[in-house]
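Notes for the one structure printed next.
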Amino acid sequence: MAFWDYANPTRFLKLVETVLPWLTGLCVIVFAVGLYLGFFVAPEDYQQGATVRIMFIHVPAAWLCMMCYSIMALSSLGTLVWKHPLADVSAKSAAPIGAAFTFMALVTGSLWGKPMWGTYWVWDARLTSVLVLFIMYLGLMTLWRTMDDPIKAGKAAAVLTLVGALNLPIIKFSVDWWNTLHQPASVMRMDGPSIDSSMLWPLFVMAIAFTLLFFVIHLMAMRNEILRRRVRALRMRAASAAHPGTAAATAQPAE
Amino acid sequence: MNGWAMTLFRRDISLSVRIGGSALVGVLFFLAVVTVIPFGVGPDLNLLARIGPAILWIGALLATLLGLDRLFQADREDGTLDLMLMAGRPLEVVVLVKCLAHWVATGLPLVVAAPLLGIFLNLDPVSMAAVTATLLVGTPALTLIGAIGASLTVSLRRGGLLLAVLVIPLAIPVMIFGVSSADAAIHDPMPFMTPFLILCALTLISAVIGPVASAIALRFAGD
């Protein structure tokens, strides 16, 4: 099964080397098409003018911050249930990317909110739940940084990620109860999207571009994390060779 | 309740109320937080009556967070936690009993103190009763959710601050429904029972998620 073949970090790195250039090229092309469509082809909104183009960055970033958390939750399941050796690498390297996309969604959203709603920030349901998601990303990253053993840190973070995944719908529901001012969802609706197709197509292309960007950065970050762990293992081996006897207990196989 | 669970419960209670325990510090902290709020927002009694339930809830949340970092850490330091892990009892039940004891020692005093602090905030009797009821139902959820954070940070030397950061996002739903049901009791058109029952449901959910997740985390922290 392919899933297990790439449990070996070396084989995974070889796969990354093959896939990454193609993926990067594809990502650049789709981005170019998406940005061209978004900035030159898509019409201006009759009410919002050119500011509607913020949507082509804002909406994909908001989608991505959800998708990234889902990937982290799946990876955490991989860590805890199947003990897949790359799962916690995947979860760890996804967290900063997710935080970055969440931050991007928050910043572009508040830049869009200033001309439209007259204020940078409102305590509305969607904004608040994205802010909570941002805090959870940062908390997870902090948890990883506070433990020096990557295996233990990965397991602790996996537990927290899964608890967060169970809690996110509850948080979403309760924040909706608390207050709502934001427009309801306008793309993912049962009766078809309410956006005109001239704006929907650029949005769709940009969403694909952002997804590709996520995977490019994620693969790069996973590669870096594997290499970082190898460096750590080599350093520990060197340290235990320099002081034999005292450090014998720490010379465990890290990878 | 089984014999061993009762023994564990009694042990945790007596450890937290005797010298070296921190059961009543939480109530003092609660009092200090409520005292400091009028200095921040001004001594307007009408304003205080309006935001009173929220102040009491925030105070209770902070006081709960303050006591949580010792939930498992003291046991880990003297090796009791390892014995509990090896004892062959279901760890989830151990965690649940420990949370219950921790709540009785730290959360229940907050609930008892809430009506008294309500007087300072110019709450009328109805909203005082409502806040006390919501705190009685909601603070166990805070302890149980906090147990997850406590077990994740158990091996860290200075885990208290990180614990608060990890737990606060998860505690937001409890906070929202606690405050909104207390508010609903004051403002007539909204029903009190709807948010109150959701708050009860949240407590029950966290009674499942909290012990299971923190037992998993403790097993990983143990080895």
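Sequence order for the protein chains is A and B.
Quick note: the first sequence, position 233, residue 233 per our numbering, numbers continuous.
Quick note: the second sequence, position 149, residue 149 per our numbering, numbers continuous.
For glycine and all other residues, C-beta sits at the position ideal for the given N, C-alpha and C.
Item	Value
Pick from A:Ala125, A:Val163, A:Gly118 that is closest to Leu140 of chain A, judged by C-alpha positions	A:Val163
Among A:Phe12, A:Lys152, A:Gly25, A:Thr18, the one whose alpha carbon lies nearest that of Ala209 of chain A	A:Gly25
Sequence-distant residues of the same chain with beta carbon closer than 8 Å to Phe192 of chain B, five excluded per side	Ala130, Ser181, Ala184, Ala185
Coarse secondary structure for Gly26 of chain B, derived from DSSP in three states	helix
The stretch 100–131 of chain B: positions lying closer than 9 Å to chain A by Cβ	none
Cβ of Trp63 of chain A within 8 Å of any chain B Cβ	no
Proximal chain A residues relative to Phe196 of chain B, where beta-carbon distance stays under 9 Å	Those do not exist, as Phe196 of chain B stays about 13 Å from chain A at its closest Cβ, beyond 9 Å.
Spatial distance of Ile217 of chain A from Asp149 of chain A (CA atoms)	24 Å
Beta carbon proximity, Trp201 of chain A to chain B, threshold 8 Å	no
Val154 of chain B, DSSP secondary structure in three states	coil
Alpha-carbon spacing of Thr153 of chain B relative to Asp124 of chain A, whole angstroms	32 Å
Closer than 9 Å at the beta carbon, the chain B residues around Val159 of chain A	Ile148, Ser151, Leu152, Ala213, Ser214, Ile216, Ala217, Phe220
Contact with chain B by Gly139 of chain A, beta-carbon distance below 8 Å	yes
Within-8 Å CB hit, Lys92 of chain A to chain B	no
Segment limits, alpha helix (DSSP H) that includes Gly52 of chain B	45–68
Helix, strand or coil at Ser16 of chain B [DSSP, three-state]	helix
Contact list for the stretch 124–137 of chain A against chain B, Cβ threshold 7 Å	Val132, Ile135, Met136
Host alpha helix (DSSP H) of Asp82 of chain B (start-end)	80–86
Whole-angstrom distance between Ala87 of chain B and Val130 of chain A, CA atom to CA atom	42 Å
Contact under 8 Å by Cβ, Ala61 of chain A with Met104 of chain A	yes
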